[in-house]
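Working notes, beginning with the structure itself.
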Amino acid sequence: MLLLEIVKFVFFSIAIVLISKYILVKVLRDLGEALELEATSIGNISGIATSMPELLTVCFSAFVGLMESSVYNILSSNIINFIQYLFSIFLNKNHKRLKNKAIIIDLVLVLVTIIIPILMIIFKITSNIRIVPLFIILLIYFYYLNIQAHKKYLSKEDEELKERLNRDNIIKKRKFKKIFKYTIYLILVGITLYIVGNLLSTVLTNLCNIFGVSEMILGILLGFITSIPELITFFEAQKYYVLDRNAELGVIEATNNLLTSNLFNIFVIQSLGIIIFSIVT
């Protein structure tokens, strides 16, 4: 019986990752390109998209009362995201581009998103709803720092990207049918992920309440599994812009992907988990 629940846990977790990787991330990238968004914006969209597995696992964990596992999920996800990002940068030989001050500032903010859940665990405030307003303020402030850093230290790269988009616009007009199609795809993917996430929450409840599996272990395992989509998008971003002979933009997109994913994990998803847990309990 325990083995069956473990198999279900792995199956549903991987299903969320595969749907996010092969469908959700691709649709969002296509939608971003159809809307002619910049590298930073596409990175932000990818960051939110790749955090959908964490959103589902954390919210459903909180709904069944497993708040501790959700915090460990966020902590392990944010740490693994950062390690994967560095791995992709060095493997693509783009480490010299990390010297840009805007990217350094973004990476410092990423480290803060790792420190915060550690402090939450140490001080045992994983389910304290009073920290939700603070999280919202920090989210706004962090994005403000990100925007200001890019304006100051990456203005040249932003102008180059705008010129490339303008050249593309001469050749190809915006296709509203594609935008509508991708929007419908997003809705269908969201419904599918909700169904799979609901099944996963049932398995989590059984593993903890019936078989006594530690919430910390479950949270760490979920963190490993739900971080796989970020690894894919980090590599895809750098590979995509190499074709345009502008690796700098690939690093910018990957960095924004990392920052947005970690910010979304700790400040948005964790807040939702706390709110859900408070309502349920």
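In our numbering, the protein residues as written are 46 to 326.
Where a beta carbon is used, it is the ideal one built from N, C-alpha and C, also for glycine.
Quick caveat: nothing in here was measured; it's all calculated off a predicted structure.
Determine whether the beta carbon atoms of residue i and residue j lie at a separation below 8 Å.
i, j, result
"residue 99", "residue 297", "no"
"residue 312", "residue 184", "yes"
"residue 105", "residue 245", "yes"
"residue 103", "residue 115", "yes"
"residue 302", "residue 88", "yes"
"residue 251", "residue 126", "no"
"residue 267", "residue 58", "yes"
"residue 47", "residue 279", "no"
"residue 163", "residue 120", "yes"
"residue 122", "residue 272", "yes"
"residue 194", "residue 146", "yes"
"residue 224", "residue 76", "yes"
"residue 403", "residue 142", "Because residue 403 is not part of the residues shown, which for the chain are 46 to 326, the question remains open."
"residue 234", "residue 64", "yes"
"residue 281", "residue 95", "no"
Select from the options the residue whose C-alpha is nearest the C-alpha of residue i.
i, options, result
"residue 243", "101, 127, 59 and 149", "101"
"residue 237", "60, 143, 251 and 154", "60"
"residue 322", "111, 254 and 77", "111"
"residue 229", "273, 51, 198 and 69", "69"
"residue 222", "80, 67, 145 and 55", "80"
"residue 188", "123, 86 and 232", "86"
"residue 326", "173, 272 and 143", "173"
"residue 93", "319, 300, 324 and 320", "300"
"residue 320", "171, 198, 224 and 247", "171"
"residue 55", "249, 225 and 275", "249"
"residue 186", "113, 240 and 150", "150"
"residue 166", "197, 124, 71 and 113", "113"
"residue 270", "71, 117, 240 and 49", "117"
"residue 49", "240, 284 and 247", "247"
"residue 241", "284, 97 and 131", "97"
Enumerate, from N- to C-terminal direction, the unbroken alpha helix (DSSP H) stretches of 4 or more residues contained entirely within the region 50 to 120.
-> 70 to 79, 84 to 94 and 97 to 108
Using 8 Å as the Cβ pair cut-off and three pairs as the minimum, do the region 165 to 184 and the region 129 to 144 touch?
-> Counting C-beta pairs closer than 8 Å gives fewer than three between the region 165 to 184 and the region 129 to 144, which falls short of the contact rule.
Between the region 255 to 264 and the region 146 to 161, do at least 3 Cβ pairs fall closer than 8 Å?
-> no
Segments of 4+ residues assigned as alpha helix (DSSP H) that fall wholly inside the region 247 to 319 | 260 to 271, 273 to 287 and 292 to 308
Taking only runs of the alpha helix (DSSP H) that begin and end inside the region 113 to 183, which ones reach a length of at least 4 residues, in chain order?
-> Runs of the alpha helix (DSSP H) inside the region 113 to 183: 146 to 167.
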